Every structure is written in structure tokens, then in C-alpha cells.
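A quick write-up on the structure given underneath.
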């Protein structure tokens, strides 16, 4: 990684909502082609980290910076960040009744990848392949975005979007929660296909080490009360699974 | 991202707000009197009976108080003495666009009417101010006996038919504005579809008000004979002026046994137009009447498309959307009367209010004691886009027969910041995201429209959403 520009660089990030500081100085560097994982208990700031990187308007950044390929994201709105290549797989994807999945995907690809990629057979072929690999039936296209989707369908749909949008940086916020083993494997395959052997990167936010068995992360970070308190290789995830988080506090 | 209540003024975004220089051949002075009513009838060389109906309707209008419901304060602002009741801008109705006066033709070209006509319509009438300036119908339909005329020509060429049906569905004394329309009506469509004939492609009427302080009072009568079908579409726009105009139409539909009438409206008047319209149909045995009603423009709309289910096994549907922006009140809904057994009805109403706009659903469904096994379904959904906007629902159901199956659902929702953030994270600007949510909300309506109109409506709504946030 030395010599190369980092894909994502988070420097001393302090952020919160309504005056309550949630992130208290996060530092993180993800290089091209790397997959990192953030683990931590509920309320440690995992989802906030994802939201702040994506640009959720409710969060205020007090200090620090979020830099994608040398460019600060902080002055950009969410849609501009998306066009720069940031993608967030939501923990709770929102339903938009009346907006058809097929139409939405085409529009999203057009706005992020450009009109050409959203046209004709080129688009249809990519879509069909991605759907097949995620076990999504064709009838899905005529449904409304996340409207009446089961938990598993929502997660697959997030990954389908990721595969079509081919982001520079994919953030997966608890994409594995609520999925069964097959679902986790399918989603993991999707992440591996989108990130491995490319110069894109991913940040996987999770409670469980299971997804990390399928997507071997380069680095695992533990978030505690708004700070990264420990970082290591994949073995850290296993250790957390075995011993929980309590030992970190003692250290 | 600012929250979605920092709204920019909606005025100025209205796309059809231009006006042509006024080149009228006949223009009445402002104000209404029996003389004005008689003069309109005289100008049109109408039969005596029509003049008489007009005068009786005028007298009723003068006596009749304003409605004591709806938006009374807005209604009180109408200055009936400051309205032009008749304006002729072309000496006759043409059936070739090239013969239509330049300014007027240009206006309809900008509105895309001649193009739509060529591509996918069976016939077109274009009304400008008080009268129809252009009219055409496909030859094959004419050969099958389909009559599609402007109402004035209908009265001239088919007086016995008009006499039979005129005011048979909406009596002039129905309400103050049906009386006004009957007194001063001009233009509108007259349609007769013979037994068993199916008009495959829709026919369209387009209504344009150009002059200031104009009153447009078109009158439409559609008769679908046994087993026939027709889809009629109307669109309307007007220039944006600082003074008010009045549009007060009456539409009467007669669906004879086994026939099917679908009547679609995209109402996009400028925000200085009062739109006070009476629309009603009578459905005979096993016939079907559908109102597909989109209200986007106007200052105040009060309109409740109605169906009287008179024949056994008849069916009514009213699918409507209303958009209320700054200074607008859309008081819309539906009325359905189940008079016969085994009749079914469905009402779907969707309203959006924004920038302090107000949307009201006002509906009435009745089932008479003798009507057995009726089915009614009413769904009203409202979407409120910001804090100062308002939505009200006034549903009434009077069911006097215990075998009726009634369903009623109502919902009010708001666009959440989470929904917007989700769409924005997929590369869509705030306005695009809002337009997606709004178009999605309207989707159950737009899917009922011919594709061309659905696209137009979506674009219209995208335009309305422009600059609505921050």
C-alpha cells in the first residue's frame, strides 16, 4: 500500500447529532482493494460512522476529515458522494411505494455510472447476471422499492444495487444481520465479486464474525464509545466472537 | 441538506403560463345579465328551447346562494361582475391546423396537441376561450357513425339528441355553478358512440383560457350506446395572471347497457383560475363509468365526479390525484350512488400538499334500500410534504341495505428525511428524490393513464418539486 494514495482516509473524526458527540476521534485508512471490518456493540457508533461517510444530513461533523481518493467528502451532499463512488448498504433500507425496482435501478445506474451504462442490452445483461448470482427472481423488477420486502429481500436488493453501481467504496451496515447462512454466503459472494481483485474497497460493519469468514477482511477494527480501540487482522474477529468485548475495556 | 420546508415560490415554475395577444372577433363586456345570456344564445342561433333553459338557469343562478361548505372564503372572492362571459377568437371551427389563426395554433403546438393527435388519438377538439377553434375525427370512426363534435355544432346538427339528454344527468338547478354553466355555456364536446362500436384510441379535448378575467363554461355530453366503449381525455391550461379567471364546466355521461366510458382529466390550470366543475354520469345495466381525474393546477378546485349506478350490475370507478401548492386548495373527491343491485364501486383518492397548499378529499357513497349485494371500496391517501401544508378528509357513507360490503381506508403520510437520504445515497439530488417519492405515490393513478400522459404527469410533478427543498 505504501506509495499509493489511500482509497479512504478518516482523520480524527468527531461527529454527532443535536450536540451529542457520538464519534470521538476516528482514524482509519483503507487502501485500494482492501476490505476492512468494523465490529462493536450496539451504540458504539458503527452506524453513525457509515452515515457520516455517506453524508446523512442529521449528523454534524465537529472536527476531522473524511477523504476519498485525496478529496474531502465533507462539503458534499449524499448524492454527490454517491457519484464520487461511495455506496452504503443500509441496515434499514427505506420503502418507496410506487417506485418500481427496475425503473429505480436504471435511474440510479444512469446517475452514478452514466446514461450509457443504463441503456439497452448492456444494462439488461448486467442486471440479469447480478440477479442470477443473488438468486433474485425476475418478478422482482416490477415490485416497488423495498415495499413489502422481507428482511432477506431487502439485503439482497442492497447488494444488487452495489453490484450494478460498482462503487469505489462500499460500506455495508449490518448487511448480514437477519440473513440465514445461505443468505450470508450469497451476500459475501457479491461483496467478493465487487471488491476483490479491483482497486475498490469495502467497509463491513457487523456484530458477527460469520460474514467475515466468507469475506476475509484485511483489517478488523473494534469500535467502542466512538473510538477505535483495537485493530488487527482477521484473527481479531475470532477473538471477539470467543471472548466478547469486555476484555477490550480492561486493556 | 436543508429540511424540506424551505420552499421556493411555486409561481413562475408553471410551464404553460404564457399568453397570446388577444385578437377577439367578439368580446362581451364584463358582467352577467339576462341580456348577456340571451345574446350568447342569439349569436349561436340556438333553438328557442335552449334559450329558455339558459334564461331559467340564469334566474336560478341569481337566486341561489353560494355553497355553505368547501372553501367559502375563497368562493366569496369570486367577482362575477368582473368576468368576461363570452369571447370569440376565431370566426369558425377549423378542421385543419393550418387554418387556425397563427397565435392560437402556436399555443396548441407548444402544448403538443397536433403532435399527440397524429400519434395516438382518434379525434381532437381544441377550445380557445369560449369556442372550439379546431376539430377533427378519424374518418373510419365517422363512417362507423361515431359523432364527435364541439357542443355548439352538436346542438346544430343533432338538436333532437341534445334536447333529449341535455340536463338529464345534471339538472341546471343541481348547484349554483351548474346553473351558471347552463346559462352561459359555450363549447365543450358532444359525443355519441353507436351500439357496439369500440373507439380504440382515445379522443381528446383541450381547453385553453388565454384572456384575462375570462370565464370558460364548456358543456360536455357523452352518450355511449349499448355495448360500446370510448375513452375521452381532457387537458387544460391557462396563462398566469394576477387577476382571477373562472372555469365552470358541466359534464354529463350516459352509459347505456353494457357500455364503457372512461373520462380522464389532467387539469393544469394556472394558479389564478377557479375551477368549479360538475361531472356526473348515469350507468345503466352492466355498464361501466370511470373517472380518472388529475388536479394539478388552479387556485381553488371544487369537483366531485359522480356516478349514479342506476342499472343492475353496473360499475363505477373514480381514481383521482390532487396536488396543492402555495395558495392552492384542491377540494376534490367523488360521489357514487348505488341505486341498483349487484353494483360495485371503487374510489381511490391520492392527494399531495406542499408549500402551505391544502388538499381535501370529500366523498359520498350511498346505497339505497333496494340495492342488494353492492360492493364499495374507498381508499384515500394523503402525502404532506411540509409543516404548513394541510390535508383533510370528509368521507360520507350512507348505506341503507345490510347486504352491502363496504371497505374504507385512509392514510396520511409525510416524506421522511430517511427516505430522501436513501434515494440521495443512490446518486439522486434532493429534488429528483422527492419527485421519485411523489411520482411513486401517484403511480396507482398514472398507470391508469395512456403512457404519453403518464410521462407528462410525471414530468409535471418533477417540475413542481423543483426547488422545493432548500
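Protein chains in written order, with this note's numbering: chain A, 1186 to 1436; chain B, 429 to 898.
Just so it is clear, CB atoms sit at the ideal spot from N, CA and C, and this is done for glycine as well.
Only a predicted model underlies this, so the values are computations on that prediction, with no experimental measurement involved.
- Residue burial annotation: residue 1277(A) is exposed, with fewer than 16 other C-beta atoms found within 10 angstroms of its C-beta.
- For residue 604(B), the CB contacts under 8 angstroms within the same chain, skipping 5 residues up- and downstream, are 489, 492, 493, 494 and 495 in chain order.
- For residue 779(B), the closest C-alpha among the options 872(B), 451(B), 614(B) and 572(B) is that of 872(B).
- CA-to-CA, the gap between residue 1322(A) and residue 1328(A) works out to about 11 angstroms.
- The region 664-729 of chain B is shown to contain whole beta strand (DSSP E) runs of 3 or more residues at 673-675, 678-683, 688-695, 701-711 and 716-723, in chain order.
- Residue 558(B) and residue 768(B) have their alpha carbons spaced roughly 38 angstroms apart.
- Contact annotation for residue 845(B) against chain A: 1242 and 1243 [CB-CB distance below 8 angstroms, chain order].
- Linking residue 1294(A) to residue 1413(A) through their CA atoms gives a straight-line distance of about 34 angstroms.
- In this structure, 822(B) is the residue among 574(B), 771(B), 822(B) and 844(B) with its C-alpha nearest to the C-alpha of residue 838(B).
- With the criterion set as a beta carbon lying under 9 angstroms from some beta carbon of chain B, the members of the region 1249-1277 of chain A are 1262, 1263, 1264, 1265, 1266, 1267, 1268, 1271, 1272, 1273, 1275 and 1277, in sequence order.
- For residue 1419(A), no CB of chain B lies under 8 angstroms from its own CB, so it is not counted at the interface with that chain.
- Within the region 1281-1317 of chain A, the runs of beta strand (DSSP E) at least 3 residues long that lie entirely inside it are, in chain order, 1281-1285.
- Taking 8 angstroms as the cut-off, the Cβ atoms of residue 578(B) and residue 616(B) count as close.
- The three-state reading of DSSP puts residue 625(B) in coil, since its state is none of H, G, I, E or B.
- DSSP places residue 783(B) outside both helix and strand once states are collapsed to three, so it counts as coil.
- Between residue 815(B) and the set 774(B), 854(B), 759(B) and 754(B), the nearest pair of CA atoms involves 754(B).
- Taking a beta-carbon distance threshold of 8 angstroms, residue 855(B) counts as an interface residue toward chain A.
- Using a CB distance below 8 angstroms, no part of the region 875-895 of chain B faces chain A.
- With a cutoff of 8 angstroms on beta-carbon distance, residue 831(B) and residue 800(B) are scored as near each other.
- Three or more beta-carbon pairs drawn from the region 1199-1213 of chain A and the region 1404-1411 of chain A are found closer than 8 angstroms, and the two stretches are therefore classed as touching.
- The C-alpha of residue 1290(A) is placed about 13 angstroms away from the C-alpha of residue 1305(A).
- Only residues of its own chain outside the window of five on either side were considered, and among them 863 have a CB closer than 6 angstroms to the CB of residue 890(B), listed in chain order.
- According to DSSP, residue 1199(A) shares a beta bridge with 1209(A) and 1248(A).
- The alpha-carbon separation between residue 596(B) and residue 877(B) amounts to approximately 29 angstroms.
- Rounded to whole angstroms, the gap between the alpha carbons of residue 1370(A) and residue 1265(A) is 31 angstroms.
- Taken atom to atom, the span from the alpha-carbon of residue 664(B) to that of residue 1360(A) is near 49 angstroms.
- Under DSSP, residue 874(B) takes part in no beta bridge, so it has no partner.
- Every beta strand (DSSP E) stretch that sits fully inside the region 1339-1387 of chain A and reaches 3 residues is listed by chain position as 1354-1358.
- By DSSP's assignment, residue 562(B) forms a beta bridge with 522(B) and 554(B).
- For residue 1288(A) and residue 456(B), the gap between their C-alpha atoms comes out near 51 angstroms.
- Within the same chain, 759 and 820 come within 6 angstroms of residue 788(B) by CB-CB distance, once the 5 residues on both sides are set aside.
- Counted as a single uninterrupted DSSP element, the alpha helix (DSSP H) harbouring residue 1399(A) occupies residues 1395-1399.
- Within chain A, 1282, 1283, 1284, 1285 and 1329 have C-beta atoms less than 9 angstroms from the C-beta of residue 871(B), given in sequence order.
- In this structure, DSSP gives residue 488(B) a helical state, which the three-state scheme calls helix.
- In terms of Cα proximity to residue 568(B), the closest of 729(B), 483(B) and 626(B) is 626(B).
- Between residue 1274(A) and residue 1343(A), the C-beta gap is smaller than 8 angstroms, which places the two residues in contact.
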